[in-house]
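Enquirer:
Number of protein chains: 4
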Amino acid sequence: MSIGEHQWSTWRAVKPMSADKNMYQTSDTSSRIIRAAEQLFAEQGFKETTMRQITTLADVNLAAVNYHFGSKKGLIQSVAERSLTPLCDAIEEGLARLDANISAPALEELLQVLATALVRVHGRNAYALAVLMRLLDLAYRPAQQGLQSFMHTQYGKRMAVFMHYLRQETQSLDEREFFWRLHFMMGSVIFTLSNMHVLIALDKPGTEVDAAVEVQAILQRMVPVISAGLLAPGNSDPG
Amino acid sequence: MSIGEHQWSTWRAVKPMSADKNMYQTSDTSSRIIRAAEQLFAEQGFKETTMRQITTLADVNLAAVNYHFGSKKGLIQSVAERSLTPLCDAIEEGLARLDANISAPALEELLQVLATALVRVHGRNAYALAVLMRLLDLAYRPAQQGLQSFMHTQYGKRMAVFMHYLRQETQSLDEREFFWRLHFMMGSVIFTLSNMHVLIALDKPGTEVDAAVEVQAILQRMVPVISAGLLAPGNSDPG
Amino acid sequence: MSIGEHQWSTWRAVKPMSADKNMYQTSDTSSRIIRAAEQLFAEQGFKETTMRQITTLADVNLAAVNYHFGSKKGLIQSVAERSLTPLCDAIEEGLARLDANISAPALEELLQVLATALVRVHGRNAYALAVLMRLLDLAYRPAQQGLQSFMHTQYGKRMAVFMHYLRQETQSLDEREFFWRLHFMMGSVIFTLSNMHVLIALDKPGTEVDAAVEVQAILQRMVPVISAGLLAPGNSDPG
Amino acid sequence: MSIGEHQWSTWRAVKPMSADKNMYQTSDTSSRIIRAAEQLFAEQGFKETTMRQITTLADVNLAAVNYHFGSKKGLIQSVAERSLTPLCDAIEEGLARLDANISAPALEELLQVLATALVRVHGRNAYALAVLMRLLDLAYRPAQQGLQSFMHTQYGKRMAVFMHYLRQETQSLDEREFFWRLHFMMGSVIFTLSNMHVLIALDKPGTEVDAAVEVQAILQRMVPVISAGLLAPGNSDPG
DNA sequence: TATGAATGAGCTTTCATTCAT
DNA sequence: AATGAATGAAAGCTCATTCAT
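Line by line, the protein sequences are chains A, B, C and D. Position in the first sequence (first residue = 1) + 305 = the numbering used here. Position in the second sequence (first residue = 1) + 305 = the numbering used here. Position in the third sequence (first residue = 1) + 305 = the numbering used here. Position in the fourth sequence (first residue = 1) + 305 = the numbering used here.
What follows is the structure, encoded as structure tokens:
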């Protein structure tokens, strides 16, 4: 296998056996694998991380990954699901709480829902957050359109709700402008969070930092910037 | 070699032989290799692109890459240099032209210099632009700090001038806020341009597009957004 | 890897995992590899023997060598250690037995200790003996000084005891003459034993021979010759 | 090609064109190649020396070796011939001078003829001598029997004369004992001379030495030792 | 559930050689 | 006579995966 060319086209074939179980109570072995994988994927990327590195760091047998997750792709999928499912839950909860208020949510409030959800779900595990971002990035490669459609199928609908709200708060933009600004902003988020560890180290060299606090702080810096970017007056007609 | 772990630590060893010649008039073979590599690197990433893919697409012998560039790493380096050197030239030219005007350049004008340089150098070769962005992204991985220091050594000083101007136009931000916003914005640029082809295809599905025109259009959309992001009023104290 | 230029400089990095186990009871696969390697190294040399030749002869998978020995260099090292360690043991035992006798050992007795040790350890495996000699030969090449220092570090002290005795029995020689004669004699041993198979075949063409018997016989021929060479009256002052 | 397995079986196919010319007046290019090859072959061995190393050291084009010598094998052959032919000449001359004296030559005188010939031919070029020895060593490998028969065909008869004399001076030995002692002694010579540079450096570390003087000195040390070895009283019946 | 051993496919790189000029 | 470019073959090695236990 390789996280190159063909690998996401057959993703449904992997055995999803322990996927659900992992949600509630993972075996020591498979959670150790997950944790090691998250760290290495975050630091190096998927392709550049080998099964040996993962199993060595997790201190488990080389064959354990295939036993528990079927394949490297299966492992990546598990990591993704462990990230995305609770994140979607948290976002929906946040939106529901917003709805309770009468007034329409301002754009910043909306982004705050996202930020809060990210912190709630991944505040304690910055690696998982970075991996998630890396996965989003990967989904935009032409050779990975299988991954893209997996994401879309699994999480498309849940995300659509948030997108709908977002669109409502950016009605000044035409459809195309919205599309591009959305991706500009996604770029900010994906790049910043997937390289979070390095950026924090650059920002506060030599300091021992608390990831949970840092993630929170970064997102607080980001919300107004993204908001301003989305709402900025644009050029008249770029083409 | 591999674009994993250690690979950039010894980058100076590769033979730079035809590097200069390539600038003016490349042999058919080595420019065919460069072009194929740019495309595949842009579409798939460095690690996931094999020499066989490159040489097959370029329709040259497998050994030709090593003959002309010494190694896969050497090829990546050549691709990088072919991108960055003229880009830095173009930026400096643009800044010089700005200087000629008396009034201090506004932030947008400054960003426009960058945008213009990007279009001038890579307007005709969107793949090279995407590869460049991918390289910038890669440089933020902890395992790739050799690449980072290569970039820094080779292009750090030239970029510093632009950064200096940029800092002058964002004096309302304290040092730390500037650091983060700069990276938020770099994330936008890196993500958007490295995934340009996919985004354009999503924006205008089924259409035959002119890359030069599209790059220009995307950057025109981006300038006001980034400018607004950089200058947005922020939170009081995120930490 | 290659047994050319730089290869012994980093020899400590190879995984020594099954080295000890192999001493007592090797897995079928790794001992098959060792045996095939010994034969091919003895017949052809290290550099001219490919991993594919080894694995084909051993009838194992190509990757098995890397699995069990880490690399070609690791395999050579294992072969060397499997030879040298028991040989040193046997020599030390022999010397200890000599010590038990009151009278100082004559030169021939000393050489006989060496011969007996060689026969005891390698009588059954003439290939291993030949490989060992080939390794000693290789250690004298300037480009292989890493190998030389490996040998020195690992076995230098153990060999020094034997050398000390040898020096005592050749007190008529000055230091420099001893140095050269020692190497003349090492040349005899190394050349004869590393080319043993061919020499035996030349000596007794067409005959099916028992290696154990032949090694014994050759060494018995060699002892008095070497003894005479070491003790021969020399020229007065060659320079 | 490779100086492994098959390479000497077809040695006659190489174009011998410049072989003769080289004897008298070599072109600058081909003699530069020869010199570089001698040095590298002596230091590293044949297989471990690449064409690139040779042509780089000789400062000629990579293709020049094939142009002038047909192949790597052809180059080795040329190097060998340039060594062996004048050596045989010198030995025959020496023997002729011995013949002039009435009395039968003693063994040491005979060995002295060889030593003198070696010094006369190779005193100025210790690398060529080392290569020659390395070639002799190689000729004893089973996979190199083509080389052996080449040597035999080309130089067998000329050497036979010397051997005949040698046999006459060792009549106390039976045929088989002579065979083995001859090879013991050849081992001394081959090992010592092929590793000459390293041994001299070990003997006189840090000193700038004159190769011609050293070769002469080593051979003077060797003659009495070898003589004693050949004539030593042996075991009664080793088998 | 877990693992040590083994494997097939494929990776980058090296090499001697060839060829058009 | 000489060379820069190119090439087919093969080298050592890596990797995800499988399998018997």
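All residues carry an ideal CB built from backbone N, CA and C; glycine is no exception.
Take residue 365(C) and list the residues in its own chain whose beta-carbon comes closer than 8 Å to its own, dropping the five residues that flank it on each side.
Expert: Excluding positions up to five away in sequence, the list reads 334, 337, 338.
Enquirer: CB residue 343(C) to CB residue 435(C), shorter than 9 Å?
Expert: Yes, the pair counts as a contact, with Cβ atoms nearer than the cut-off.
Enquirer: Once DSSP output is grouped into helix, strand and coil, what is the label at residue 471(B)?
Expert: In this structure, residue 471(B) counts as helix in the three-state DSSP scheme.
Enquirer: With three or more beta-carbon pairs closer than 8 Å as the criterion, would you say the region 526–533 of chain D touches the region 533–542 of chain C?
Expert: With the cut-off at 8 Å, the region 526–533 of chain D and the region 533–542 of chain C touch.
Enquirer: Run through chain D and tell me which residues come within less than 8 Å of residue 503(C), C-beta to C-beta.
Expert: Per Cβ cutoff of 8 Å: 445, 446, 447.
Enquirer: Along chain B, in chain order, which residues have C-beta atoms closer than 8 Å to that of residue 457(A)?
Expert: Those within 8 Å of residue 457(A) in chain B number zero; the least Cβ separation is about 12 Å.
Enquirer: Of all the options 454(A), 490(A), 516(A), which has the alpha carbon lying nearest to the alpha carbon of residue 529(A)?
Expert: Per the Cα distances, 490(A).
Enquirer: Given 8 Å as the limit, is there contact between the region 427–434 of chain A and the region 511–529 of chain A, that is, 3 or more CB pairs closer than that?
Expert: They touch, by the three-pair rule.
Enquirer: Provide the residue span of the alpha helix (DSSP H) that contains residue 480(C), from first to last.
Expert: From DSSP, the alpha helix (DSSP H) with residue 480(C) extends over 480–499.
Enquirer: How is the alpha helix (DSSP H) around residue 399(B) delimited, first residue to last?
Expert: Note, residue 399(B): alpha helix (DSSP H), 377–405.
Enquirer: How many angstroms separate the CA atom of residue 441(D) from the CA atom of residue 493(D)?
Expert: Between residue 441(D) and residue 493(D), the C-alpha separation is close to 12 Å.
Enquirer: Buried or exposed: which applies to residue 315(C), given that a residue is buried once 16 or more other Cβ atoms fall within 10 Å of its Cβ?
Expert: Confidence is the limiting factor: at residue 315(C) the pLDDT is only 48, short of 50, which leaves the residue's position unreliable, though a coordinate-based value still follows. By the 10 Å Cβ count, residue 315(C) comes out exposed.
Enquirer: Just mark residue 385(C) as buried or exposed, buried being the case when its beta carbon has 16 or more other beta carbons within 10 Å.
Expert: When all chains shown are included, residue 385(C) counts as buried.
Enquirer: Can you give the Cα-Cα distance for residue 524(C) and residue 358(D), rounded to whole angstroms?
Expert: Using only the alpha carbons, I get a separation of about 40 Å.
Enquirer: Which bits of chain C does residue 500(D) rub up against, with CB to CB less than 9 Å?
Expert: The contacting residues are 442, 445, 446, 488, 492.
Enquirer: Pick helix, strand or coil for residue 449(C), following the three-state DSSP scheme.
Expert: Of the three classes helix, strand and coil, the one that applies to residue 449(C) here is helix, per DSSP.
Enquirer: Just curious, the alpha helix (DSSP H) that residue 529(C) is in, first and last residue?
Expert: Element bounds for residue 529(C): 516–536.
Enquirer: What did DSSP end up calling residue 461(A) once you bin it into helix, strand or coil?
Expert: Helix at residue 461(A).
Enquirer: Under 8 Å, with one C-beta from each stretch per pair, do the region 459–477 of chain D and the region 390–398 of chain D reach the 3-pair mark?
Expert: The region 459–477 of chain D vs the region 390–398 of chain D: in contact.
Enquirer: Exposed or buried, what is residue 468(C) when buried is set at 16 or more other beta-carbons lying within 10 Å of its beta-carbon?
Expert: Residue 468(C) comes out exposed.
Enquirer: Would residue 473(D) pass as a contact of residue 447(C) if the rule is Cβ separation under 9 Å?
Expert: The answer is no: Cβ separation not under 9 Å.
Enquirer: Span of the alpha helix (DSSP H) holding residue 421(A)?
Expert: Counting along the chain, the alpha helix (DSSP H) containing residue 421(A) begins and ends at 412–427.
Enquirer: In chain C, which residues lie less than 7 Å from residue 430(D) when you measure between Cβ atoms?
Expert: Neighbours of residue 430(D) on chain C: none; closest Cβ ~17 Å, over 7 Å.
Enquirer: Mapping DSSP to helix, strand and coil, what is residue 466(C)?
Expert: Residue 466(C): helix per DSSP, three-state reduction.
Enquirer: So which residues of chain A does residue 529(B) contact, with C-beta pairs closer than 7 Å?
Expert: Near residue 529(B) (Cβ distances below 7 Å), the residues of chain A are 537, 538, 539, 540.
Enquirer: Does the beta-carbon of residue 499(D) have 16 or more other beta-carbons within 10 angstroms, so that it is buried, or is it exposed?
Expert: Result: buried.
Enquirer: If you draw a straight line from the alpha carbon of residue 317(B) to that of residue 378(C), how long is it in whole angstroms?
Expert: Low confidence applies here, because residue 317(B) scores a pLDDT of 45, under 50, leaving its location unreliable and the question unanswered by this model.
Enquirer: Excluding the five sequence neighbours on either side, which residues of its own chain have a C-beta within less than 7 Å of the C-beta of residue 421(C), listed in chain order?
Expert: Closer than 7 Å at the Cβ level, and outside the excluded window around residue 421(C), lie 399.
Enquirer: If the cut is a Cβ gap below 7 Å, which residues of chain B does residue 497(A) touch?
Expert: Here the neighbours are 488, 489, 492.
Enquirer: Could you tell me the boundaries of the alpha helix (DSSP H) in which residue 361(C) lies?
Expert: It spans 356–363 - the alpha helix (DSSP H) in which residue 361(C) sits, taken as one unbroken run.
Enquirer: Do we get a CB-CB distance below 9 Å when we pair residue 379(C) with the residues of chain D?
Expert: Cβ-Cβ to chain D under 9 Å: no for residue 379(C).
Enquirer: For residue 507(C), count neighbouring Cβ atoms within 10 angstroms of its own Cβ and tell me buried if that reaches 16, exposed if not.
Expert: Result: exposed.
Enquirer: To the nearest angstrom, how far is the alpha carbon of residue 363(A) from that of residue 346(A)?
Expert: One C-alpha to the other measures close to 13 Å.
Enquirer: Taking residue 475(D) and residue 423(D) to be in contact with their CB atoms under 8 Å, please state how far apart those CB atoms are, rounded to whole angstroms.
Expert: Between residue 423(D) and residue 475(D) the Cβ distance is about 20 Å, and since that is not below 8 Å, they are no contact.
Enquirer: Apply the 10 Å Cβ neighbour rule to residue 352(D) and answer buried if 16 or more other Cβ atoms are within range, or exposed otherwise.
Expert: Buried, because 16 or more other Cβ atoms sit within 10 Å of the Cβ of residue 352(D).
Enquirer: From the beta carbon of residue 507(D), is the nearest beta carbon of chain C less than 9 Å away?
Expert: True, the Cβ-Cβ gap to chain C drops below 9 Å.
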